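J.:
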Amino acid sequence: MAERTRRLSALDLGAGAAVLLALAGVIWSPKLSGAVARATGKLQPVTVLVDVRGVPVANPADVIDAARRSGAVSLVIRNQPHGQVAVKQVIPLQRKLSAVFADGRVVSAADPNQEQFATIDARFVLQGEGRKGADGVVFGNQNLKIGAPIELEGSNFRVIGSVTGLRLGAN
């Protein structure tokens, strides 16, 4: 009986490469790494401060109240949906105008235009889970740093703000 030797064809090599890529995708998937981080205790509470300034709104108080009542907002970080995080606090911010006088005095006062031209100026205090990464805090599988743009979405609003503060650990 004659022995047959089996050679590897290009099709066999392609199938093997596809299996290896699929295996690597499963091992390094963001959801799996998040589950592993949660299981190993690497996830910690993260407090994110997001300032929203100058967004035209007919009634800013209604938007702030809606965010407080809902208790959560959806986040979009760098065009990637993150999911929902808890809203711990929404702090209205008052815009100020400053004037410098000839004698060097600086006088500040509340901006009277804020009532006339309604805009939302508020600081959202958000609470979620994240971990310490090489380049800062990893929140929602995205590196998050102060100054990063972040989109907040509630039931009746969608606003873009900037991260102004990050606290990792027990709050």
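Position one of the sequence shown corresponds to residue 3 (the working numbering), numbered consecutively onward.
For every residue, glycine included, the Cβ atom is placed at its ideal position computed from N, Cα and C.
Computed from a predicted structure; not experimentally measured.
1. Taking one C-beta from the stretch 131–143 and one from the stretch 53–62 each time, how about it: are there three or more such pairs within less than 8 Å?
2. I'd like to confirm the pairing. Which residues does DSSP put opposite I79 in its beta bridges?
3. Just verifying my parser: in three-state terms, what is the DSSP assignment at Q96?
4. Runs of 4 residues minimum, wholly inside the stretch 107–145: which ones carry the alpha helix (DSSP H) assignment?
5. Could you tell me whether the Cβ atoms of V48 and R70 are closer together than 8 Å?
6. Give the DSSP-derived three-state secondary structure of G163 in the structure shown.
7. Would you call the stretch 99–111 and the stretch 70–85 in contact, with 3 or more CB pairs under 8 Å?
8. Counting C-beta neighbours from all protein chains within 10 Å, is the total for L10 16 or more, i.e. buried, or is it exposed?
9. Given a cut-off of 8 Å, decide if G167 and I152 are closer than it, judged by their beta-carbon atoms.
T.: From the atom records:
1. no
2. Q82, I152
3. coil
4. 115–118
5. no
6. strand
7. no
8. exposed
9. no
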